[in-house]
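In terms of full-length UniProt numbering, the sequence shown is residues 1 to 323.
Just so you know, even glycine gets a beta-carbon here, dropped at the ideal spot from N, CA and C.
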Amino acid sequence: MPNLDLSILVVDDAKFSSMIVSKALRTAGYRDVRVANDAPAALKMMEERPVSVLIADWLMPEMDGLELTDMVRQQDEQNNHYSYIILLTAKESVEALAEAFDRGVDDFIYKSDMSKQLIPRVFAADRIADRQNTLLRANALLMENNRELEASNIIDLETGLCNNRYARERLGKSLRQAESRGGASAYVLCGIRNWQELKRQHSPTIMSELAVGISRRLSHLIRPMDSLCRVGDNQYAIIAHFSNSEHCTASTFRRIFDGINHKALKTTVGYVSVEAGMVLCKAAAEHGTPSVQDVERTAVEGLMDAYETRRFTEIQPPVTENT
């Protein structure tokens, strides 16, 4: 059964012609038929309310049917909508029709045979436009769901570790714990110094194996209560809390530095060595509570120095006094 509430817009500078088309559609039972006498008026009407089927004369002053098609397709893209476009034409050359299809026209009705072609073509346009718009709505919903999942996601899909979002949340909790109960928060940033060089030498599959291998190695080296997160393509963060700030030192995490640098990782192309740089950013309660952003920024700066010196060092983030 045809959808008699199908939104249709007829565009023709010849009022007599548009009247014939719109009358034929209404006689067939279509209730939502609008008429525009030129392309600019049609575009304004479509901005106010999109249409499912646009029937337009090919030859019109100011803006012809192909130019109108270009503008409609731009509108459709902005509105996540699909308008089925039918041109009324007396042109029957293959070249002209091929150009129109390339510009985005969906179908044609020859003026010489319009009385027979109009309603069957609109029936077909209804089914196709409905299918296209259903797909567009479903895709928009899927994209929105994906955005919501990404916004709440705390897992790095490649390694299974927690991601940067979780690392920030965990670091914030650790800083607040140190502030209220004393002790120190540790943010250990580990970066693979030769990662870009390895990427030039190996395929993405091997690099993924290395990322997983590094994650497993680090997971076995950290303390059970510490949090390990992948915060970048080649960077991992360890967040830990110490009730006694004197125990929060680089030597406490030395085994991690040695475990990554002194033993190659097994991949399907053999053993691959990575060069890790590490820095401990320590926030002790007695020195005040820094922000999460200050800890992250200080750690990244320290990691760059660690890459240069090839040493595992300890640094402290700045604390901004509240005024």
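query: Outcome for Ile110 when other beta-carbon atoms lying within 10 angstroms are tallied against a minimum of 16; result: Just to set this straight, residue 110 is Tyr in the shown sequence, not Ile. So Tyr110 counts as exposed.
query: C-beta atoms of Val53 and Ala129 nearer than 8 Å; result: yes
query: Start-to-end residues for the alpha helix (DSSP H) that takes in Thr298; result: 292-309
query: Gln316 (DSSP reduced to helix, strand or coil); result: coil
query: For Ala167 and His202, the rounded distance between their alpha carbons; result: 29 Å
query: Endpoints, beta strand (DSSP E) assigned at Ala240; result: 235-242
query: Test item: CB-CB of Leu265 and Ile214 under 8 Å; result: yes
query: Selected residue, minimal CA-CA separation from Arg230, among Asn3, Arg200, Ala178, Arg170; result: Arg170
query: For Gly191, the first and last residue of its enclosing beta strand (DSSP E); result: 184-192
query: Contact with chain C by Ile260, beta-carbon distance below 8 Å; result: No chain C appears in this structure, which consists of one protein chain only.
query: Among Asp76, Ser208, Ala36, the one whose alpha carbon lies nearest that of Pro50; result: Asp76
query: Through-space distance from Leu142 to Val10, alpha-carbon basis; result: 33 Å
query: N- and C-terminal bounds of the beta strand (DSSP E) containing Arg230; result: 227-232
query: Cβ-Cβ distance between Val279 and Leu189 below 8 Å; result: yes
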